[in-house]
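*Asks:* Residue numbers (the working numbering), protein chains in the order written: chain P, 2 to 84; chain D, -19 to 373.
Input: one structure, supplied below.
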Amino acid sequence: MMEKIRELIEQHAGLPPGAGEIADDTDLYRAGMKSFASVQLMLAIEETFEIEFPEEMLNRATFRSASAIAQAVEQLSSGSMAA
Amino acid sequence: MKPLGDVAGASLAERVQAAVEAAAQHAEAVDREGRFPIEAVEALRDNRLMGFAVPPELGGEGAGLADIAPICTTLGTACASTAMVFAMHHICLANLIDCGLESPWHRELMHRATTEQLLFASSTTEAGVGGDLRQSICAVEADGAAFNLAKAAPVISYGEETDAIFATARRDPDAPSSDQVLCVLLADQYELERVSTWDALGMRGTCSHGFRFKATAPIEQILPRPFADIAAESMIAGSHILWSSVWCGIAADAMAKAQAFVIAEARKSPGSPPASATKLAEAYARFRTIEATIADALARWAAMRAAPERAATVGFSLAMNALKVSVSTTALQVVEDALMICGLQGYKNSGPYGLGRPLRDIHSARLMISNDRIMAGAGQMMLIQRPAAARRA
């Protein structure tokens, strides 16, 4: 899953060319992700993992880093499986 | 520095009233001369209203946005420039309190904010970023334990009167334009060079001149949180709420004049209610939506702040954007309604019903952070907004 998330970040986060290596815990906002890019990234993640972020998860913290996104995706996927 | 006013025994309402009277007394001169409302700000200081948001353990009263907003409105009925200075100052102070409680230097400044009733201003816009709060060109340049900062600021409201400037800048010379920090700069740590003069239609007392400034200050004065978080989680919402409260005050002033005019007309023709009474009721319906929208925003703000992670969701941000756009538009309509009610008596600059100043002042509301820009940002957020009813099971 991590690999897929990193790929989506590369495609959608709109990071400037000089942003350097994106580690799992790199702060994407500090690396240059702007608000519209974060919207695009979120939509791509929803589509790829077939999940839907609830309102209370639509905040900056959820999309701050690859590992934060992974945690959110895991939480939502396990939730739907349990249901 | 003159000693601060003794407020022992004076209620908050009395303290506010004293400042409102000073603001009202000088509002016309402030507007005409385009000068800083020094008498009103001194009255706010004398009544210890500049530092009352500071936590009690640092000498303040711990006032929150719900305490500050109604004062912005009351001041706005008397002098919109004073009200806006008060609002902008308290947004800076809120940033300091939100981010600085762990930092000894910032705690000391909070203490001074209340003991010395300091005035704070902000410098967020910069030449070349097209009015985008979330981008900087200038950068913090570290030099040992200090840093240098040079910024071209097309606007710093009351930049020449403030005791400190809260300036955004890139974190370091290699950082992308959106990786910003908020630097607190004391008046003796920078040199301001005025490059343009604020001679505007309204809000003339905010003295929002353009400047170039150069500062050198210790690195510990940079607020520890990234500006992106400060902006998203408190500053933008706080600004929208306090600015809207100021605009509500301008609209309330226009409503009061319109009502006085209608009452005078009714007295002249007893027996038949004047036609303008219906217009007054329509204006009041609009005005009520302003008050209700602000009350709703304050409730959302309180709920957000009470949550342990204080995370502003997309829904919260959309509500705050809607507040700004709706109040700035509706308040202008209310002042225009009042003008139609008072007619030429409202158009005249002299006399009890003159609406020139409120009309000119309220025209700033849609422009300070342009509503078009806010709606463009909100449009992006609408793509991911999740109304509860539309959620998947």
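Beta carbons are placed, not taken as given, at the ideal position from N, Cα and C, and that holds for glycine.
Going along the chain, which residues of its own chain have a beta-carbon closer than 7 Å to the beta-carbon of Phe191/D, five neighbours each way excluded?
*Replies:* Ala133, Ile136, Gly139, Leu172, Glu173, Arg174 and Val175
*Asks:* Just tell me which of Glu121/D, Phe16/D, Ile210/D and Lys304/D has its CA closest to the CA of Pro198/D.
*Replies:* Glu121/D
*Asks:* Identify whether Thr53/D lies in helix, strand or coil by the three-state DSSP scheme.
*Replies:* helix
*Asks:* First and last residue of the alpha helix (DSSP H) that includes His189/D?
*Replies:* Per DSSP, His189/D belongs to no alpha helix (DSSP H); it is in the beta strand (DSSP E), His189 to Pro198.
*Asks:* When DSSP builds the beta bridges, which residues end up paired with Arg174/D?
*Replies:* Phe191/D
*Asks:* Using DSSP with H/G/I as helix, E/B as strand and the rest coil, what is Glu121/D?
*Replies:* strand
*Asks:* Taking contact to mean 3 or more Cβ pairs, one atom from each stretch, closer than 8 Å, check whether the region 258 to 271 of chain D and the region 341 to 348 of chain D are in contact.
*Replies:* No contact exists between the region 258 to 271 of chain D and the region 341 to 348 of chain D.
*Asks:* Mind checking if Thr293/D is an interface residue toward chain P, Cβ cutoff 8 Å exclusive?
*Replies:* Chain P contact via Cβ: present.
*Asks:* Is it buried or exposed, Ser297/D, if we count other Cβ atoms within 10 angstroms and call 16 or more buried?
*Replies:* Looking at its Cβ environment, which holds 16 or more other Cβ atoms inside 10 Å, Ser297/D is buried.
*Asks:* With C-beta atoms as the reference, is Gly39/D less than 8 Å away from His91/D?
*Replies:* yes
*Asks:* Inspect the beta-carbon positions of Pro17/D and Gly124/D and report whether they are closer than 8 Å.
*Replies:* no
*Asks:* Just the C-alpha distance for Ala356/D and Ala234/D, rounded to the nearest angstrom, thanks.
*Replies:* Ala356/D and Ala234/D have their C-alpha atoms spaced approximately 31 Å apart.
*Asks:* Looking at the structure shown, is Asn60/P part of a helix, part of a strand, or coil, going by DSSP?
*Replies:* Asn60/P falls in the strand class under three-state DSSP.
*Asks:* Pull up the distance between the alpha-carbon of Met68/D and that of Leu113/D, whole angstroms please.
*Replies:* Going by the C-alpha atoms only, they are around 15 Å apart.
*Asks:* Is DSSP giving Gln115/D helix, strand or coil here?
*Replies:* coil
*Asks:* Apart from the five residues on each side of it in sequence, which residues of its chain come closer than 6 Å, Cβ to Cβ, to Arg205/D?
*Replies:* Cys79
*Asks:* Could you check whether the Cβ of Gly15/P sits closer than 8 Å to any Cβ belonging to chain D?
*Replies:* no
*Asks:* Check Val294/D in the structure and name its three-state DSSP category.
*Replies:* Helix at Val294/D.
*Asks:* For Gly218/D and Cys52/D, which I take to be in contact (beta-carbon distance under 8 Å), what is that distance rounded to the nearest angstrom?
*Replies:* So it is not a contact: roughly 11 Å between Cβ atoms.
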